[in-house]
Amino acid sequence: MFKVRAATLSDSHAVQEIFRANIENAEWLPELARVSDFAKSSEGELVFVASSNDEEVVGFVSVHVDGSFIHHLYVRSDFQNKGIGRSLLSSLQHWLPVPWRLKCVQKNQRALSFYLRNGWREVGAGESEDGAYVVLEWRRELTVS
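Quick note: the sequence shown uses my numbering, first residue 369, plus one each step.
Shown next as structure tokens:
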């Protein structure tokens, strides 16, 4: 069982490690774009963590509240495919106005498939230093499964 809660200062190290590991293993991300300082990358965002029964942080989501923009969603590799990403997103329904948006690098097929399976729809596209991306949107009438 996992619990989603607001991140605290004591979660910083675990969140940074999950972020660093995911970025370092992101074969879809260009080498030059692999900034692995989560605090710098998420400045001004609200962060929520998923923790296990023993309070171990196993994933997180960071959100720009203005614009309801999901900036980061990462789960520790040994806890992936256990519903944690869906739980983190579902927890936002209680307070974050819809529609929600995010950008997903097209080469990140695993993440793109996850979002599309969970009711997100493509509403735009663009190009960044990370490569081509799609803009995805989620609305309340679309359900996070």
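Glycine included, C-beta positions come from ideal geometry on N, C-alpha and C.
Report the rounded CA-to-CA distance for S420 versus F370, giving the unit in angstroms.
Taking the first residue of the sequence shown as position 1, residue 420 is located at position 52. Taking the first residue of the sequence shown as position 1, residue 370 is located at position 2. Taking the straight line from one Cα to the other gives about 5 Å.
When you compare the CB positions of L504 and V491, do they come within less than 8 Å of one another, or not?
What you label residue 504 is simply residue 136 of the sequence shown in a count that begins at 1. What you label residue 491 is simply residue 123 of the sequence shown in a count that begins at 1. Yes, the Cβ-Cβ distance between L504 and V491 is below 8 Å.
Less than 8 Å between CB atoms is the rule here; does A382 satisfy it with respect to chain C?
Protein chains in the displayed structure number just one, and chain C is not present.
Run the CB neighbour count on L460, radius 10 Å, all protein chains shown included, and call it buried at 16 or more, exposed below.
As a working mapping, residue 460 is identified with position 92 in the sequence shown. Answer is buried; the Cβ neighbour count reaches 16.
Considering only their Cβ atoms, is the gap separating V426 from V443 smaller than 8 Å?
By 1-based counting over the sequence shown, the position of residue 443 is 75. By 1-based counting over the sequence shown, the position of residue 426 is 58. Yes.
Taking 8 Å as the cut-off, does the stretch 375 to 392 touch the stretch 474 to 487 (at least 3 CB pairs, one atom from each stretch)?
Result no; under three Cβ-Cβ pairs closer than 8 Å.
List in chain order: all unbroken alpha helix (DSSP H) runs of 4+ residues lying wholly within the stretch 401 to 437.
Qualifying alpha helix (DSSP H) stretches, in chain order: 406 to 409.
Assuming E410 and H440 make a contact with CB atoms under 8 Å, what is their CB distance in whole Å?
For the purposes of this step, residue 410 is taken as residue 42 along the sequence shown, with counting starting at 1. For the purposes of this step, residue 440 is taken as residue 72 along the sequence shown, with counting starting at 1. The identity of residue 410 in the sequence shown is Ser, whereas the question assumes Glu. Confirmed, Cβ separation roughly 6 Å.
Give, in chain order, every unbroken run of the alpha helix (DSSP H) that is at least 4 residues long and sits entirely within the stretch 441 to 485.
The stretch 441 to 485 contains these whole alpha helix (DSSP H) runs: 452 to 459 and 477 to 485.
Once you ignore the five residues that flank A375 on each side, which residues in its own chain have a CB closer than 7 Å to its CB?
For the purposes of this step, residue 375 is taken as the residue at position 7 of the sequence shown. Only V383, V415, F416, V417 and F428 meet the Cβ criterion.
Residue range of the alpha helix (DSSP H) that S336 falls in?
As shown, the chain starts at 369 and ends at 513. That puts residue 336 outside it, with no answer to give.
For V431, count neighbouring Cβ atoms within 10 angstroms of its own Cβ and tell me buried if that reaches 16, exposed if not.
Counted from its first residue, the sequence shown places residue 431 at position 63. Buried, by the Cβ-count rule.
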